[in-house]
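Chemist:
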Amino acid sequence: MWVSMLIVLLCFEIIPAHAEIGSTTEQCISRYGQPERDNMKGSGLLYFRKDGICTIAHFYQGKCDVLSIFSSEGQMGVPDDLPKDRIQSLLKSEGGSPEWILPPRYSLNGVWCTPDRSTFAIYDTMRHKLAIMTHDAYMREQKSLASVRSKNIKESDPTKPIKP
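With this note's numbering applied, the sequence shown has no gaps in its numbers, which climb one by one up to 1278 at the end.
(1) Which same chain residues end up closer than 7 Å to Val1117 when comparing Cβ atoms and leaving out the 5 residues on each side of it in sequence?
(2) Just to check my reading of the structure: Cys1227 and Ile1215 have Cβ atoms closer than 8 Å, yes? What is that Cβ distance to the nearest angstrom?
(3) Restricting to Cα atoms, I'd like to know which of Gly1210, Thr1233, Leu1205 and His1242 is closest to Leu1222.
(4) Are the stretch 1151 to 1166 and the stretch 1175 to 1194 touching by the rule of at least three beta carbon pairs closer than 8 Å?
(5) Can you tell me which of the three DSSP states Met1247 falls into?
(6) I'd like to know if the stretch 1140 to 1154 and the stretch 1168 to 1178 are in contact, where contact means that at least 3 CB-CB pairs between them fall below 8 Å.
(7) Using only the alpha-carbon positions, how far apart do Leu1205 and Met1154 sit?
(8) State buried or exposed for Met1190, treating a residue as buried only when at least 16 other CB atoms are found within 10 Å of its CB.
(9) Got a sec? Which residues, its chain only, sit under 7 Å from Thr1248 by beta carbon, not counting five neighbours each side?
(10) I'd like the list of long-range same chain contacts for Pro1229, defined as Cβ closer than 8 Å, with 5 residues on each side in sequence excluded.
(11) If you draw a straight line from the C-alpha of Phe1173 to the C-alpha of Tyr1220, how long is it?
(12) When the Cα atoms are used, what is the spatial distance from Ser1264 to Arg1200?
(13) Looking at the unbroken alpha helix (DSSP H) that takes in Glu1143, where does it start and where does it end?
(14) Only counting the same chain, and skipping five residues up and downstream in sequence, which positions put a Cβ closer than 6 Å to that of Tyr1161?
(15) What does DSSP give as the partner residue(s) for Ser1185 in the beta ladder?
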């Protein structure tokens, strides 16, 4: 009895954890290997390179909430374009959902969301980068941007004289 229980537990330890939106740092490291750069203490980012793909994972409260994915090959600072089938594969493997739908809007970029709209993805056709983000991460980013804009407007009060 104990032997079979031990074998089952060992099997679960051998199977690598799947890194995706919602993964812990440990799960991402298990999936991608040791990060090339670790900025967890600063911006909450880990930088990985594996199988021709660069992945930047952002963590909030210990869970991955944003992934930026692009080719490790490129020219003049622009990554090579990701083929459409590779993007679809990455959405399913990294996005935390087997199903992605096209929202009803026109865009030059590729845009998808999960059926429950908790996660969305954008493929920037100019920069050749796929960003997968939770709705909560997007809302935090929008709130932060609004705060910065508000601060900049207050600092640029047209009634104040310009300092030389």
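Just so you know, even glycine gets a beta-carbon here, dropped at the ideal spot from N, CA and C. All values reported here derive from a predicted model rather than from experimental measurement.
Modeler: Looking at the coordinates:
(1) A caution first: Val1117 carries a pLDDT of 34, below 50, which makes its placement in the model too unreliable to give a value.
(2) 6 Å
(3) His1242
(4) yes
(5) In the structure shown, Met1247 sits in a strand (DSSP, three-state: E or B).
(6) yes
(7) Straight across, the Cα-Cα distance linking Leu1205 with Met1154 is about 24 Å.
(8) exposed
(9) Scanning its chain for C-beta atoms nearer than 7 Å, with the 5 sequence neighbours on each side dropped, one finds around Thr1248 the residues Ile1135, Asp1179, Ser1232 and Thr1233, in chain order.
(10) Ser1211, Glu1213 and Ile1215
(11) 30 Å
(12) 40 Å
(13) Residue identity differs from the one stated: residue 1143 is Ile in this sequence, not Glu. First-last of the alpha helix (DSSP H) with Ile1143: Thr1139 to Tyr1146.
(14) Here the set comprises Pro1149, Glu1150, Arg1151 and Ile1170.
(15) Ile1167
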